[in-house]
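Enquirer: Take a look at this one; I'll ask things after.
2 protein chains.
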Amino acid sequence: MELQDASNALTALSQTSRLELFRLLVTSGDEGMPAGEISTALGIPKPTLSFHLKELSTAGLIAPERHGRSITYKINVDGIRSLMEFLTEDCCQGRPELCNISSTSSTSSNSLPTNLL
Amino acid sequence: MELQDASNALTALSQTSRLELFRLLVTSGDEGMPAGEISTALGIPKPTLSFHLKELSTAGLIAPERHGRSITYKINVDGIRSLMEFLTEDCCQGRPELCNISSTSSTSSNSLPTNLL
DNA sequence: CTGTTGATTCTATAAACATGGAATTACAAG
DNA sequence: CTTGTAATTCCATGTTTATAGAATCAACAG
C-alpha cells in the first residue's frame, strides 16, 4: 500500500459520520447492512449517506453487494488489513516500542492486546 | 478516547504531507527534529509546515519543545497509543480476525507483529 | 539597542469536502 | 406497461482545509 492509498483510507475514516458508519459495518459482520437500514440507524439522509458509502468504498474499506432492489454494504477485510499493514510498517518497524502496549503503558493498560500498531 | 478525538487524530493523519511528516518524526525518535530541518527535509515552505505541525500537535500525535531559538517536534507516544487503543476496541473487539494478521495475510507477512489493529 | 536567525501568525486565495432536496435509475410485482 | 420502493446521481450551497507570501514574534550575540 502506497502513501497515497493510506492517506485516502485515513481520509475516509477521518469524518465522524463515516467513522460511525464504519464501526456499524464492522459489528454487522459478513451479512453487512442495506443502505436504507443504515440510513435510519444513523439518522443520515439517504443522499448524504450514499456519498459517505461511496467514499468508504472508493477507499477500499467497504464493498457494496446488490440483493434484489436493495444494496448491502459490508466491510472489506483485505482493505482494512492493507491499511493496518501500512501503519505497522510505518510505525512499528521504526519504533517497536510504540506497538508493544503491554510493557510501556502507564495509565490505562488492563487486558489490552499485546501489539497495537 | 472519544469518537470525536479519534476522528480528529485520523483527520490529522489523513493528509499526504502530514502523513509523511508523521513518518519522519516516528523515525527521528526521542530527539525529534527542529521545524526548519523538517521544512527542508520535506520541501515544505515554513508557514505551510507550521500549519501542519499545529494540526498534528492539536490532535495530540506530536509535541513541540523549545530549545534556544529552535523548536523541536517529536512524536507523542501516549497520543498515538490512545488512537491505537480506540481503533483496537473499535475493530478488534468487534471482529478479532481483523487484527490477527499472522494467520491470514497472503502477500507481505514476513516478521510482522502478531496483532495489527 | 541592533542585527540575525528560527519559527509562527496574519491574511488572502484556491481547492476540496459535506449536506440534503429534487430528479433519476434499478428492480420487482401486479 | 404501470406502480412502488430502494438507492443513487445531480446540483446548489455552505463549510472546512490547504497554501504560501508578508509581517511579526522570540531568542540570542555583539
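Respectively, the protein sequence lines represent chains A and B. When the letters of the first sequence are read in order and numbered with the working numbering, they come out as residues 75 to 191. When the letters of the second sequence are read in order and numbered with the working numbering, they come out as residues 75 to 191. Just so it is clear, CB atoms sit at the ideal spot from N, CA and C, and this is done for glycine as well. Predicted, not measured: the structure shown is a model, and the values here were computed from it.
According to DSSP, is isoleucine 136/A part of a helix, a strand, or is it coil?
Expert: Here isoleucine 136/A sits in strand by DSSP.
Enquirer: Looking only at its chain, what residues have a beta carbon closer than 8 angstroms to the beta carbon of threonine 122/A, apart from the 5 residues adjacent to it on each side?
Expert: Cβ neighbours of threonine 122/A beyond the five flanking positions: Ser91.
Enquirer: Do the CB positions of alanine 86/B and glutamate 129/B come within less than 8 angstroms of each other?
Expert: Yes.
Enquirer: So, under 8 angstroms CB-CB, alanine 137/B and serine 144/B are touching, yes? Tell me the CB distance rounded to an integer number of Å.
Expert: Between serine 144/B and alanine 137/B the Cβ distance is about 15 angstroms, and since that is not below 8 angstroms, they are no contact.
Enquirer: Compare the Cα-Cα distances from glycine 110/B to each of His141/B, Met158/B, Ser156/B and Glu76/B and report the closest residue.
Expert: Nearest C-alpha to glycine 110/B: His141/B.
Enquirer: Rounded to the nearest angstrom, how far is the Cβ of alanine 115/B from that of leucine 98/B, given a contact under 8 angstroms?
Expert: Correct: roughly 7 angstroms between the Cβ atoms.
Enquirer: Roughly how far, in whole angstroms, is the beta-carbon of glutamate 159/A from the beta-carbon of methionine 107/A, given that I think they are within contact range, below 8 angstroms?
Expert: That pair is no contact at about 26 angstroms.
Enquirer: Excluding the five sequence neighbours on either side, which residues of its own chain have a C-beta within less than 7 angstroms of the C-beta of isoleucine 118/B, listed in chain order?
Expert: Once the five neighbours on either side are set aside, the close Cβ partners of isoleucine 118/B are Ser91.
Enquirer: Whose Cβ in chain A lies nearer than 8 angstroms to the Cβ of glutamate 94/B?
Expert: Under the 8 angstroms cutoff, chain A gives Leu77.
Enquirer: Rounded to a whole number of angstroms, what is the C-alpha to C-alpha distance between leucine 84/A and lysine 120/A?
Expert: Distance between the alpha carbons of leucine 84/A and lysine 120/A is about 23 angstroms.
Enquirer: So, are the CB atoms of serine 194/B and glutamine 89/A less than 8 angstroms apart?
Expert: Examination of residue 194/B is not possible in this model, given that chain B is present from 75 through 191 alone.
Enquirer: Could you please give the first and the last residue of the uninterrupted beta strand (DSSP E) stretch that includes serine 144/A?
Expert: Per DSSP, serine 144/A belongs to the beta strand (DSSP E) from 144-149.
Enquirer: Between which two residues does the alpha helix (DSSP H) harbouring glycine 110/A extend?
Expert: Element bounds for glycine 110/A: 109-116.
Enquirer: Hey, is threonine 122/B's beta-carbon within less than 8 angstroms of any beta-carbon in chain A?
Expert: Not closer than 8 angstroms to any Cβ of chain A, the Cβ of threonine 122/B fails to qualify, so no.
Enquirer: Exposed or buried, what is glutamate 77/A when buried is set at 16 or more other beta-carbons lying within 10 Å of its beta-carbon?
Expert: Checking the sequence, you will find leucine at residue 77/A rather than glutamate. Its Cβ having fewer than 16 others within 10 Å, leucine 77/A is exposed.
Enquirer: For chain A, find out if any of its Cβ atoms is closer than 8 angstroms to the Cβ of threonine 90/B; answer yes or no.
Expert: Closer than 8 angstroms to some Cβ of chain A, the Cβ of threonine 90/B qualifies, so yes.
Enquirer: For serine 102/B and valine 151/A, what's the separation of their Cα atoms in angstroms?
Expert: Cα to Cα, serine 102/B sits roughly 32 angstroms from valine 151/A.
Enquirer: Which residue comes first and which comes last in the alpha helix (DSSP H) that contains aspartate 104/B?
Expert: Counting along the chain, aspartate 104/B falls outside any alpha helix (DSSP H), and DSSP gives it neither H nor E.
Enquirer: What residues in the stretch 128-155 of chain B have a beta carbon less than 7 angstroms from any beta carbon of chain A?
Expert: So the list reads Val151, Ile154 and Arg155, given in the order they occur along the chain.
Enquirer: May I ask which residues mark the beginning and end of the alpha helix (DSSP H) holding glutamine 89/B?
Expert: From DSSP, glutamine 89/B is part of no alpha helix (DSSP H); its letter is neither H nor E.
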